[in-house]
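Residue numbers (this note's numbering): 23 to 362. So the structure is just underneath, and the comments pick up after that.
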């Protein structure tokens, strides 16, 4: 291995309504030469597994045995493997070997130790960044983080090591949502079978929408589909009325659904051209409205601990969200069945 190396064509990608999981995934997909929005925006659904809720900015619910990237892109040949090194030294050895081989790597990190994050030396939180270069002589690593304020440059290796090895503790009342979950020097190995990607045409678009509609009609472990979504939100409101602390849980759940919904809204606009079906672009804007419902839910979740929120206000927002979503799903069903 040489003492220095920077991988070419690692390009940042950003969407206003998604977090580090999707920005890093999109960058990796683009580096592999596959379309990021067509891949990450195709699937749309609701799944919440209460026993599998993790305090991570990159939390995303997946069925048992399904990897994180398979959950993000279940209709495409993409998968991932979490690696959990024994310690910081092994963690860097593994990541450096991957980068030296020409592969950019997504690593978990605590923003408290990353000098380019607004939370630096202030707030602990579980985040993802991309490592795609190093300079052993200078003791630096090249890091990309597309989440604002975007950073693409070198930091000291000891800073990255501290961020990756952090226990991510709760020390004060600003350590919310993504804390109390050790980082553990974890990194993601990502597999993309570029030769097996489906075409983006009318048949694929309509098949994708039908699969999503089937998912919203389905049931399963935890809360699944539109019925599960209604049941989960009703349960949250009831627990809040009984004075349960729902803030962090609802913030995490809503964040995952918000990103999924926002990307699918943009996917529908792309799909309208690919399928020569203008109605899909109109429905894309309707799905965008659903995403903004989830934005409101996320804000309301943060207010549940301040005394500024009531169970009735939550119920009204939840009802408006689910009713709007039911209408959009019915209209999508009409399009793919030729009734629109």
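Built from N, CA and C at the ideal position, the CB exists for glycine as well. In this text the structure is predicted, and so the values were computed from the model without any measurement.
Q) In terms of DSSP beta bridges, what is residue 177 paired with? A) On the chain shown, position 155 is the one that residue 177 refers to. The partner list for residue 177 (beta bridge, DSSP) reads 163.
Q) Ordered along the chain, which non-local residues of its own chain (more than five positions away) have a Cβ less than 7 Å from that of residue 292? A) Position 270 of the chain shown, counted from the first residue, corresponds to residue 292. Excluding residues within five positions, the ones whose Cβ falls inside 7 Å are 59 and 60.
Q. From which residue to which residue does the alpha helix (DSSP H) around residue 91 run?
A. Counting from one through the chain shown, the residue named residue 91 turns up at place 69. Residues 90-94.
Q) Are three or more beta carbon pairs between the stretch 202-215 and the stretch 309-320 nearer than 8 Å? A) No contact exists between the stretch 202-215 and the stretch 309-320.
**Q.** residue 283 and residue 168 closer than 8 Å at C-beta
**A.** Against the chain shown, residue 283 aligns to sequence position 261. Against the chain shown, residue 168 aligns to sequence position 146. The criterion of a C-beta distance shorter than 8 Å is not satisfied by residue 283 and residue 168.
Q: Assuming residue 101 contacts residue 236 (C-beta within less than 8 Å), just tell me the rounded distance between them.
A: Here residue 101 is taken as the residue at index 79 of the chain shown, counted from 1. Here residue 236 is taken as the residue at index 214 of the chain shown, counted from 1. The C-beta distance from residue 101 to residue 236 rounds to 22 Å, too long to fall under 8 Å, and the pair is not in contact.
Q. If you compare alpha carbons, which of 255, 223 and 108 is closest to residue 375?
A. The chain is shown from 23 up to 362; residue 375 falls before or after that span and cannot be answered.
Q. Straight-line CA distance for residue 300 to residue 90?
A. Translated into positions along the chain shown, residue 300 becomes position 278. Translated into positions along the chain shown, residue 90 becomes position 68. So the two alpha carbons sit approximately 32 Å from each other.
Q | Start and end residues, alpha helix (DSSP H) containing residue 254 | A | Here the question's residue 254 lines up with position 232 in the chain shown. Where residue 254 is concerned, the enclosing alpha helix (DSSP H) starts and stops at 247-263.
Q: List the whole-angstrom C-beta distance separating residue 207 from residue 148, where the pair is believed to meet the contact cut-off of C-beta under 8 Å.
A: Position 185 of the chain shown, counting from 1, holds the residue named residue 207. Position 126 of the chain shown, counting from 1, holds the residue named residue 148. No, residue 207 and residue 148 are not in contact; Cβ-Cβ is about 13 Å, not under 8 Å.
Q: Determine which residues share a DSSP beta bridge with residue 26 and list them.
A: Along the chain shown, one-based indexing puts residue 26 at 4. Looking at the DSSP assignment, residue 26 forms a beta bridge with 157.
Q: Going by DSSP, name the residue or residues bridged to residue 210.
A: Residue numbering aside, residue 210 sits at position 188 when the chain shown is read from its first letter. Looking at the DSSP assignment, residue 210 forms a beta bridge with 104 and 128.
**Q.** residue 368 versus residue 285: straight-line alpha-carbon distance, rounded
**A.** With the chain covering only 23 through 362, there is no way to say anything about residue 368.
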